[in-house]
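A.B. asks: Just dropping this structure here.
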Amino acid sequence: MLVDRTAIVASVLLLTSAIGPAAGAQDLNGAVSTGDLDAVREALPPGTGADPGSLVRPLYFAARDGHSAIVAYLLEEGAPADAATSFGSALQIAARGNHVPVLTLLLDAGADPDLMAGEESRTALHDAAERGALDAARLLLERGAEVNARTKMDHPPIHLAARRERAEMVAYLAEAGASPRAVDAIAATELDAADAEAGRIAAEECRGCHAMEAGAPPPGRFPAPSLAGIVGREKAVQADFPYTAALSGLDGSWTQEEIDRFIADPTGVAPGTAMGHAGIQDRAKRIAIIAHLMSLQAE
14 MLVDRTAIVA SVLLLTSAIG PAAGAQDLNG AVSTGDLDAV REALPPGTGA DPGSLVRPLY
74 FAARDGHSAI VAYLLEEGAP ADAATSFGSA LQIAARGNHV PVLTLLLDAG ADPDLMAGEE
134 SRTALHDAAE RGALDAARLL LERGAEVNAR TKMDHPPIHL AARRERAEMV AYLAEAGASP
194 RAVDAIAATE LDAADAEAGR IAAEECRGCH AMEAGAPPPG RFPAPSLAGI VGREKAVQAD
254 FPYTAALSGL DGSWTQEEID RFIADPTGVA PGTAMGHAGI QDRAKRIAII AHLMSLQAE
């Protein structure tokens, strides 16, 4: 056991060294990793006046492990509640672990419930949703978190929950107001005036997954149903295609309006969809694409 503990301590020290701590921060990070408040006090005596920036990573690791007493102490010593590292914020990692006492401390200290951080620019609710951390999600929403917040990939929390098959979380977020972006109805005059050629060009990026010609096999590594004859077709009816639960659960037909809603916000309309593209916010571009799709004939 002594060898194992030594290896663990060595790993912790290597990690804290690799992420570039300031002088003296290795000792603090190591103390935080033990969960021992006395050890943390020894590494960071009360009233030291440490640079707040040097406390960001210790706060993150304490929040990750649910060490609420250490989080409270670091906040007292000047750790910024809403500061973020390159791999996320303390609020995010606490939400991910469903550490409600830590979340409460951070929010009470002024952490922004909608702070976006990390490589994907997520909020804490995104992480809670993905992990199915219901208690954390409830607290965040009670404290003003945006249920429809978006990552830089345009993913709302409910999409991350659905993608991980967190059914209880999906139901909770839907009840809390998770919904797709609203789009205005398309007027017939807009379709008449649409530039179908511009729509064809814009739709070319769809060819990475979808065939555009009737009877053509799906291209690419991630084959998807043909878009030939899509307008007016019932949703999720191609017999030989393994639809995700997100799409197979959609009712009705692909009317012009339904296509517009979907391409404006695929992960909002069908949380959990495997479609990787972000929604198209340019209304004229969406209408041009729909005009082009109307010209594609089915077999």
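The sequence shown begins at 14 in this note's numbering and counts up one residue at a time.
Glycine is no exception: its CB is placed at the ideal position from the N, C-alpha and C atoms.
Look at the Cβ atom of Ala-142, then the Cβ atom of Leu-119, and state whether they are nearer than 7 Å.
C.D. replies: No. Outside cutoff.
A.B. asks: With DSSP as the reference, identify every bridge partner of Arg-135, one or two as the case may be.
C.D. replies: Ala-130.
A.B. asks: What does the Cβ neighbour count give for Arg-234, buried or exposed, with the cut at 16 atoms within 10 Å?
C.D. replies: So Arg-234 ends up on the exposed side.
A.B. asks: With the cut-off set at 7 Å, would you say Met-225 and Leu-204 are in Cβ contact?
C.D. replies: Result no, Cβ atoms of Met-225 and Leu-204 do not sit closer than 7 Å.
A.B. asks: Compute the distance between the beta-carbons of Thr-286 and Ala-259, then report whether it is under 7 Å.
C.D. replies: Their beta carbons are under 7 Å apart, which means Thr-286 touches Ala-259 by this criterion.
A.B. asks: CA-CA distance, Gly-100 and Ile-199?
C.D. replies: Just to set this straight, residue 100 is Phe in the shown sequence, not Gly. Each residue's Cα considered, the two are about 41 Å apart.
A.B. asks: Straight-line CA distance for Ile-293 to Pro-65?
C.D. replies: The straight-line gap from Cα to Cα measures roughly 40 Å.
A.B. asks: List the endpoints of the continuous alpha helix (DSSP H) containing His-168.
C.D. replies: Here His-168 belongs to no alpha helix (DSSP H), and DSSP marks it neither H nor E.
A.B. asks: Out of Leu-138, Glu-271, His-172 and Ala-206, which one is the CA nearest neighbour of Gly-289?
C.D. replies: The shortest Cα separation from Gly-289 among Leu-138, Glu-271, His-172 and Ala-206 belongs to His-172.
A.B. asks: Closest by CA to Asp-278, which one among Arg-163, Glu-210 and Gly-262?
C.D. replies: It is Arg-163 whose Cα lies nearest to the Cα of Asp-278.
A.B. asks: Ends of the alpha helix (DSSP H) at Val-244?
C.D. replies: Val-244 -> no alpha helix (DSSP H), and no H or E assigned at all.
A.B. asks: When the Cα atoms are used, what is the spatial distance from Ala-36 to Glu-55?
C.D. replies: Model confidence at Ala-36 stands at a pLDDT of 41, short of 50, so the residue's coordinates are unreliable; what they give is reported in the following sentence. Taking the straight line from one Cα to the other gives about 15 Å.
A.B. asks: Tell me which residues share the same chain as Leu-72 and place their Cβ nearer than 7 Å to its Cβ, disregarding the 5 neighbours each side in the sequence.
C.D. replies: These residues qualify, in order along the chain: Val-84, Leu-87, Ala-92 and Ala-103.
A.B. asks: Can you give me the start and stop residues for the alpha helix (DSSP H) that Gly-212 sits inside?
C.D. replies: Counting along the chain, the alpha helix (DSSP H) containing Gly-212 begins and ends at 209-216.
A.B. asks: Quick check: Leu-116 and Ala-158, are their CB atoms within less than 7 Å of each other?
C.D. replies: No, Cβ-Cβ distance for Leu-116 and Ala-158 is not below 7 Å.
A.B. asks: Applying the criterion that 16 or more other CB atoms from any shown protein chain within 10 Å of the CB defines a buried residue, is Gln-251 buried or exposed?
C.D. replies: When all chains shown are included, Gln-251 counts as exposed.
A.B. asks: In the DSSP output, what is His-223 paired with across the bridge?
C.D. replies: Its beta-bridge partners are Ala-237.
A.B. asks: Comparing C-alpha positions only, which one of Gly-62, Pro-59 and Leu-68 sits nearest to Gly-43?
C.D. replies: With distances taken between Cα atoms, Gly-43 lies closest to Leu-68.
A.B. asks: Any idea what DSSP makes of Gly-101, helix, strand or coil?
C.D. replies: DSSP places Gly-101 in strand when its eight states are reduced to three.
A.B. asks: Quick one, which of Glu-90, Phe-254 and Asp-51 has its alpha-carbon nearest Gly-60's?
C.D. replies: When only C-alpha atoms are compared, the closest one is Glu-90.
A.B. asks: For Pro-58 and Pro-170, what's the separation of their Cα atoms in angstroms?
C.D. replies: Computed Cα separation, rounded: 39 Å.
A.B. asks: Tell me, to the nearest whole angstrom, how far the beta carbon of Leu-128 is from that of Asp-78; I am working on the premise that it is less than 8 Å.
C.D. replies: About 20 Å; that fails the 8 Å criterion.
A.B. asks: Buried or exposed: where does Pro-284 fall if 16 or more other Cβ atoms within 10 Å of its Cβ makes it buried?
C.D. replies: Classification for Pro-284: buried.
A.B. asks: Looking at the strands, I want to know which residues DSSP matches up with Ser-266.
C.D. replies: BP columns for Ser-266 point to Glu-247.
A.B. asks: Taking 7 Å as the limit between beta carbons, can you name the residues of its chain near Arg-296, skipping five residues before and five after?
C.D. replies: Answer for Arg-296: no residue qualifies.
A.B. asks: Using 8 Å for Cβ pairs, my map puts Gly-245 next to Trp-267. What's the rounded Cβ distance?
C.D. replies: About 7 Å; that satisfies the 8 Å criterion.
A.B. asks: Tell me whether Asp-197 is buried or exposed, calling it buried when 16 or more other Cβ atoms sit within 10 Å of its Cβ.
C.D. replies: Exposed, since its Cβ has fewer than 16 Cβ neighbours within 10 Å.
A.B. asks: Where Glu-218 and His-139 are concerned, what is the direct C-alpha to C-alpha distance, given to the nearest angstrom?
C.D. replies: Rounded to whole angstroms, Glu-218 to His-139 spans 28 Å at the Cα level.
A.B. asks: Rounding to the nearest angstrom, what Cα-Cα distance links Gly-145 and Glu-210 in this structure?
C.D. replies: For Gly-145 and Glu-210, the distance between alpha carbons rounds to 44 Å.
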